[in-house]
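J.: Here the working numbering is used: the first residue of the sequence shown is 7, the next is one more, and so on.
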Amino acid sequence: MHRKFTGFEIDGPLPAPGTKIQVDGKDVGEITSAASLPIASGERRVALGYIRREVATPGKQVAAGGAKGTVANLPFAHVFEQ
7 MHRKFTGFEI DGPLPAPGTK IQVDGKDVGE ITSAASLPIA SGERRVALGY
57 IRREVATPGK QVAAGGAKGT VANLPFAHVF EQ
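1) Would residue 11 be called buried (16 or more neighbouring beta carbons within 10 Å of its own) or exposed?
2) Bridge partners of residue 44, per DSSP?
3) In whole angstroms, give me the CA-to-CA distance for residue 51 and residue 31.
4) So residue 17 packs on residue 74, CB below 8 Å; how close in whole Å?
5) Assuming residue 62 contacts residue 53 (C-beta within less than 8 Å), just tell me the rounded distance between them.
6) Is the distance from the Cβ of residue 57 to the Cβ of residue 37 below 7 Å?
7) Would you report the Cα separation of residue 82 and residue 45, rounded to the nearest angstrom?
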């Protein structure tokens, strides 16, 4: 299997399911779902999807439609700590 199921922290509009994930202009994955999470310090946007293993490094910057994203470890526990 060349792809890994992973999470993304999203900066910008939430990408729709099926939106391609890109790195350096190349398709490397696809969003399967996205949501805004209400937390004490405000709202965080996250998404789930599949991405090629060679670019699935936490902290890696990606693009998904009109949004920027960062590869994140699941289960997003760090999102609730902030």
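Glycine included, C-beta positions come from ideal geometry on N, C-alpha and C.
T.: Judging by the given coordinates:
1) Within 10 angstroms of the beta-carbon of residue 11 lie fewer than 16 other beta-carbons, which makes it exposed.
2) 49
3) 22 Å
4) 5 Å
5) With 8 Å as the limit, residue 62 and residue 53 do not qualify as a contact, their Cβ atoms being about 14 Å apart.
6) no
7) Cα-Cα distance, rounded: 12 Å.
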